[in-house]
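What follows is one structure encoded as structure tokens, with my remarks underneath.
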Amino acid sequence: MKRIFALLGVWIAASAMPAAAQPPRGSAMAAATTAAATGKERLGDKASDNQRVNDCRVPPEKRGPSKRPTECAQK
Numbered sequence: 007m008k009r010i011f012a013l014l015g016v017w018i019a020a021s022a023m024p025a026a027a028q029p030p031r032g033s034a035m036a037a038a039t040t041a042a043a044t045g046k047e048r049l050g051d052k053a054s055d056n057q058r059v060n061d062c063r064v065p066p067e068k069r070g071p072s073k074r075p076t077e078c079a080q081k
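Heads up, the sequence shown is in the working numbering, so the first residue is 7 and it goes up one at a time.
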């Protein structure tokens, strides 16, 4: 019977101590709330795309060095 109580005491003491391999709970929540970027966002800015046909809807400060037509076709 003493052996059972001794093992139970050791088990309770061991489970009460925090594990060194586990991160604190607060840091896990901070990592989970960070928004993941989509593939399109990771690849780059659409305004700097060299295959773009014109600068119709691109703000002037985001236009690249290549000159493209700025007139928009009215639909």
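Heads up, the beta-carbon is just placed ideally off N, CA and C, and yes, glycines get one too.
- Between F11 and W17, the alpha-carbon positions lie close to 10 Å from each other.
- N60 is not a Cβ neighbour of R69, given a cutoff of 7 Å.
- In the displayed model, V16 falls within a helix according to three-state DSSP.
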